[in-house]
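S.K.:
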Amino acid sequence: MLIERDVIQRVEQSLSHQAAVALLGPRQVGKTTLAMHVGNRRDALYVDLEDERDRARLRNPHLLLEANRHRLVILDEIHRAPEIFPALRGIIDKGRREGFRTGRFLILGSASLDLLRQSGETLAGRIAYIDMTPFTAPEIAQDRTGEDRLWLRGGFPDSFLANSDASSYEWRRNFIRTYLEREISLFGYRIPSETLERLWTMLAHRHGGILNASDLTRSLSISTHSVGRYVDLLADLLLVRRLPPYHVNVGKRLVKSPKVYVRDSGLVHALLEIGTIEQLAGNPILGMSWEGFVIENLIAVLP
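Right, dumping it as structure tokens:
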């Protein structure tokens, strides 16, 4: 089953106006597949920064990138080599003077934290940011049974397209385990996976509720500072959303605590060990799960 991603049009449009485009989304959301699709329409060079051989090619980034200045260069998992951003700035500025003003780099990142911090310092005015979410309801609208399946399984392609609910559930449980045990350490964090899994699970139980750091502190036996840092990390990894309160008084907005949602409904259900629509229907999380599902779909289609 081939599902056309709406975000591809935004990527193409941004490449026609900007020298660099950063496509941000969690692991396994389909960034590489989409980038290769874009690259196949152009004369693109793909560089996987998780591959040691490709990282070695970028030890002298000017040499490789200047040699391919006529091509779109796709840099995948950019967080593995944030030190190349200063080189990108120089190459982009030189290219502008030589007439190569747009469509130079498509940068893929699995988190916002390092990427935004690095590129915000060095590529201001030279880069467009695009969020890539899991599948959304409009994207699977032609599938008559797709909405309930999307809600239950979430929108990660391998989960949504699995042959059965059981296979989908197993994929999501493995995704959670891999993220906690391997992926987070790749970003330079040393946090016990058991602690982070307990926090993530507690956030799923409190899905759509006001963030109560004191309550989480007592339950996890860690400091309030650590709770805040770990929630920040899950948000920066694009796995959790903090929804700030709306109030006419801006000052009150700043002091009130946000609501917290696990961004993908399928991950909510996997964290709570909900594997079927029947189990979901009988679970107290039903209403808040639907609320979070609707919120994520609305945000995904905002211009």
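Okay, so the sequence shown: first residue is 309 according to the numbering used here, each after it adds one. The beta carbon of each residue, even a glycine, is placed where N, CA and C say it ideally should be.
When the Cα atoms are used, what is the spatial distance from Gln326 to Asp401?
M.R.: One-based indexing of the sequence shown puts residue 326 at position 18. One-based indexing of the sequence shown puts residue 401 at position 93. Roughly 12 Å separates the two Cα atoms.
S.K.: Nearest to Val346 by alpha carbon, out of Ala375, Glu312 and Pro369?
M.R.: Residue numbering aside, residue 346 sits at position 38 when the sequence shown is read from its first letter. Here the closest residue by C-alpha is Glu312.
S.K.: Considering only the alpha carbon of each residue, which of Asp314, Pro611, Val609 and Ser597 lies closest to Asp456?
M.R.: Taking the first residue of the sequence shown as 1, we reach residue 456 at position 148. Comparing Cα positions, the closest option is Ser597.
S.K.: Thinking Ile382 and Ala343 are a contact (beta carbons under 8 Å), I'd like their distance in whole angstroms, please.
M.R.: Walking along the sequence shown from the start, residue 382 turns up at place 74. Walking along the sequence shown from the start, residue 343 turns up at place 35. Right, their Cβ atoms sit about 5 Å apart.
S.K.: Which same chain residues, not among the five before or five after Tyr538, have their C-beta less than 7 Å away from its C-beta?
M.R.: As a position in the sequence shown, residue 538 is number 230, starting the count at 1. Contacts found: Ile499, Leu504 and Leu507.
S.K.: So, at 7 Å on beta carbons, what are the nonlocal neighbours of Arg377 in its own chain, with the 5 sequence-adjacent residues on each side left out?
M.R.: Start at 1 with the first residue of the sequence shown, and residue 377 comes out as number 69. These residues qualify, in order along the chain: Gly403 and Phe408.
S.K.: Which same chain residues, not among the five before or five after Glu491, have their C-beta less than 7 Å away from its C-beta?
M.R.: As a first step, residue 491 is located in the sequence shown; it is residue number 183 there, counting from the start. Excluding positions up to five away in sequence, the list reads Arg335.
S.K.: Could you give the uninterrupted runs of the beta strand (DSSP E) lying entirely in the segment 384–425, keeping only those of 3 residues or more?
M.R.: Correct list: 413–417.
S.K.: Could you have a look at Asp466 and say whether DSSP puts it in helix, strand or coil?
M.R.: The residue labelled residue 466 in the question sits at position 158 within the sequence shown. In the structure shown, Asp466 sits in a helix (DSSP, three-state: H, G or I).
S.K.: Rounding to the nearest angstrom, what Cα-Cα distance links Pro553 and Asn471 in this structure?
M.R.: As a working note, residue 553 is residue 245 in the sequence shown. As a working note, residue 471 is residue 163 in the sequence shown. Rounded to the nearest angstrom, the two C-alpha atoms are 39 Å apart.
S.K.: Can you check DSSP and say which residues form a bridge with Lys567?
M.R.: By 1-based counting over the sequence shown, the position of residue 567 is 259. Paired residues: Ile518 and Leu551.
S.K.: Nearest CA to the CA of Thr340: which residue from Arg480, Val602 and Met440?
M.R.: For the purposes of this step, residue 340 is taken as residue 32 along the sequence shown, with counting starting at 1. Minimum Cα distance to Thr340 is reached at Met440.
S.K.: Considering only residues of the segment 326–396, which uninterrupted beta strand (DSSP E) runs meet the minimum length of 3 residues and lie entirely inside it, listed in chain order?
M.R.: List check, beta strand (DSSP E) in window: 328–332, 352–356 and 380–384.
S.K.: With the cut-off set at 8 Å, would you say Ala419 and Leu542 are in Cβ contact?
M.R.: Residue 419 sits at position 111 when you count from the first residue of the sequence shown. Residue 542 sits at position 234 when you count from the first residue of the sequence shown. Result no, Cβ atoms of Ala419 and Leu542 do not sit closer than 8 Å.
S.K.: Is Ala327 near the ligand SAM, judged by its Cβ being under 7 Å from some heavy atom?
M.R.: Here there are no bound small molecules, and the ligand SAM is not part of this structure.
S.K.: Roughly how many whole angstroms lie between the Cα atoms of Ile603 and Phe443?
M.R.: Counting from 1 along the sequence shown, the entry for residue 603 is found at position 295. Counting from 1 along the sequence shown, the entry for residue 443 is found at position 135. So the two alpha carbons sit approximately 14 Å from each other.
S.K.: Around the Cβ of Pro369, are there at least 16 other Cβ atoms within 10 angstroms (buried) or fewer (exposed)?
M.R.: Counting from one through the sequence shown, the residue named residue 369 turns up at place 61. Its Cβ being crowded by 16 or more others within 10 Å, Pro369 is buried.
S.K.: Could you tell me whether the segment 470–489 touches the segment 527–534, using the rule of 3 or more Cβ pairs below 8 Å?
M.R.: With the cut-off at 8 Å, the segment 470–489 and the segment 527–534 do not touch.
S.K.: Which residue comes first and which comes last in the alpha helix (DSSP H) that contains Asp544?
M.R.: The sequence position of residue 544 within the sequence shown is 236, counting from 1. Start and end: Thr532 to Asp544.
S.K.: Please state whether DSSP places Ile311 in a helix, a strand or coil.
M.R.: For the purposes of this step, residue 311 is taken as residue 3 along the sequence shown, with counting starting at 1. The answer is coil: DSSP assigns Ile311 none of H, G, I, E or B.
S.K.: Assign Arg526 to buried or exposed, taking buried as 16 or more other Cβ atoms, counted over all protein chains shown, within 10 Å of its Cβ.
M.R.: The sequence position of residue 526 within the sequence shown is 218, counting from 1. Result: exposed.
S.K.: Around the C-beta of Val609, are 16 or more other C-beta atoms found within 10 angstroms, so that it is buried, or is it exposed?
M.R.: Translated into positions along the sequence shown, residue 609 becomes position 301. By the neighbour-count rule (16 or more Cβ atoms within 10 Å), Val609 is not buried but exposed.
S.K.: Unbroken alpha helix (DSSP H) runs of length 4 or more, entirely within the segment 443–492: which are they?
M.R.: Taking only runs of at least 4 residues, the alpha helix (DSSP H) segments lying wholly in the segment 443–492 are 454–461, 465–468 and 473–486.
S.K.: If you draw a straight line from the alpha carbon of Val576 to that of Arg514, how long is it in whole angstroms?
M.R.: As a first step, residue 576 must be located in the sequence shown, where it is residue number 268. As a first step, residue 514 must be located in the sequence shown, where it is residue number 206. Near 10 Å, if we compare the C-alpha coordinates of Arg514 and Val576.
S.K.: Buried or exposed: Glu360, going by 16 or more other Cβ atoms within 10 Å of its Cβ?
M.R.: As a first step, residue 360 is located in the sequence shown; it is residue number 52 there, counting from the start. It counts as exposed.
S.K.: Counting along the chain, where does the alpha helix (DSSP H) carrying Ile582 start and finish?
M.R.: Here residue 582 is taken as the residue at index 274 of the sequence shown, counted from 1. First-last for Ile582: undefined, no H or E at that position.
S.K.: So the candidates are Arg318, Leu469 and Ala521; which of them puts its Cα closest to the Cα of Leu414?
M.R.: As a first step, residue 414 is located in the sequence shown; it is residue number 106 there, counting from the start. Of Arg318, Leu469 and Ala521, the residue nearest in Cα terms is Arg318.
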